[in-house]
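In this note's numbering, the protein residues as written are 77 to 411.
Note that beta-carbon positions come from the ideal geometry of N, C-alpha and C, so glycine has one too.
Report on the following structure.
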């Protein structure tokens with residue numbers, strides 16, 4: 077789909093995933109094309125991306141630059157294969173994401189052990205710990221790891237010779253997540269930072285920093301001031317009304333905080349227990365019926381909310397014998 081002359085969207089299949097596809101964007105340049113995000117490395121995804129390029133009379137060799145909004149599998153997974161097909165292509169991402177690639181995809185056994193300890197300290201029962209800590213392991217096969225050629229920090233402008241893309245650091249969903257803003261047509265390449273329907277996952281984990289939800293909410297306010305007329309997300313559909321969507325996402329997180337406060341209003345509870353007591357958008361499933369991947373995601377999202385509320389002064393964190401629990405502060409319990 078052509079969005080404006082010289083800027084196109086290709087839907088890259090994500091097999092066996094409710095998201096369905098990743099939105100890859102192509103931006104024309106004077107010496108070649110810039111690609112924003114790639115999809116994950118499966119034959120179906122590679123073929124759908126290749127066919128999308130062919131529909132524009134392009135091939136992988138026409139790709140001069142690959143910009144990764146963040147290093148999650150569905151955005152970074154195919155970068156290595158594209159680099160093999162187009163060795164001249166320059167891979168670009170934020171410094172934080174570059175630092176995480178090695179531990180996330182190469183030395184992941186160390187990361188898994190650290191994550192297991194974090195989940196246990198936050199209440200994951202021994203009977204569930206093995207499945208929770210390994211819930212993401214099957215996805216490792218969907219990435220061809222390759223290091224970035226160029227590092228970003230935020231504030232740069234990437235020029236294709238035709239379009240200028242302003243780099244905006246927008247952490248939260250991932251520590252080095254970036255968005256790109258094209259001012260001539262007022263287009264925001266939003267990655268996973270702002271999606272039109274679902275709320276992006278923001279989790280506390282061993283790579284997230286100490287307040288990923290606080291980072292995410294701050295970055296939403298930063299993005300909100302942009303005069304973007306169209307938002308080009310990595311999933312779902314292109315949309316307008318950026319400011320209204322940001323307010324809706326922020327409202328969602330405030331409702332979730334209120335729900336958590338109700339659970340911990342009378343006595344300290346751990347994140348695993350809290351997660352089992354609040355609502356999740358998983359139709360027709362109880363907490364016990366949710367697959368390990370969903371339970372882990374729910375738990376780490378809850379941990380992100382709890383730590384954000386700690387920094388806001390709404391809850392206190394209580395550590396006893398290496399175990400972590402949270403209690404609503406009196407002012408929040410009586411308000």
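Secondary structure at residue i, three-state DSSP: helix, strand or coil?
i	result
residue 99	strand
residue 160	helix
residue 262	coil
residue 109	strand
residue 309	strand
residue 404	strand
residue 225	coil
residue 376	helix
residue 283	coil
residue 92	coil
residue 170	strand
residue 128	helix
residue 239	coil
residue 301	coil
residue 245	strand
residue 396	strand
Once you ignore the five residues that flank residue i on each side, which residues in its own chain have a CB closer than 7 Å to its CB?
i	result
residue 387	287, 290
residue 138	108, 109
residue 116	90, 149, 150, 153, 154, 218, 219
For residue i, which residues of its own chain have a beta-carbon under 6 Å away from its beta-carbon, when the five flanking residues on both sides are left out?
i	result
residue 273	312
residue 103	83, 110, 236, 239
residue 304	262, 264, 318
Candidates the options: which alpha carbon is nearest residue i's?
i	options	result
residue 178	161, 346, 224	224
residue 256	373, 242, 339, 356	242
residue 79	265, 252, 253	265
residue 135	118, 120, 158, 121	158
residue 87	123, 332, 105, 81	123
residue 127	184, 100, 356	100
residue 323	121, 188, 271, 392	271
residue 125	171, 92, 77	77
residue 375	129, 320, 308, 208	208
residue 254	130, 260, 231	231
Going along the chain, which residues of its own chain have a beta-carbon closer than 8 Å to the beta-carbon of residue i, five neighbours each way excluded?
i	result
residue 155	114, 142, 144, 167, 220, 222
residue 171	227, 228, 229, 252
So is residue i buried or exposed if we call it buried at 16+ other beta carbons inside 10 Å?
i	result
residue 112	buried
residue 200	buried
residue 229	exposed
residue 94	exposed
residue 268	buried
residue 342	exposed
residue 182	exposed
residue 301	exposed
residue 276	buried
residue 371	buried
residue 327	exposed
Problem set entry | Three or more C-beta pairs below 8 Å linking the stretch 350 to 366 and the stretch 302 to 315 | no
Problem set entry | Inter-stretch contact at 8 Å, needing at least 3 Cβ pairs: the stretch 154 to 169 / the stretch 139 to 146 | yes
For this session: Evaluate the contact criterion for the stretch 232 to 248 versus the stretch 291 to 298: three or more CB pairs, one atom per stretch, below 8 Å.
Result: yes
For this session: Taking 8 Å as the threshold, find out whether the stretch 189 to 204 comes into contact with the stretch 273 to 284 through three or more Cβ pairs.
Result: yes
For this session: Check whether the stretch 335 to 344 touches the stretch 393 to 408, taking contact to mean three or more Cβ pairs, one atom from each stretch, closer than 8 Å.
Result: yes
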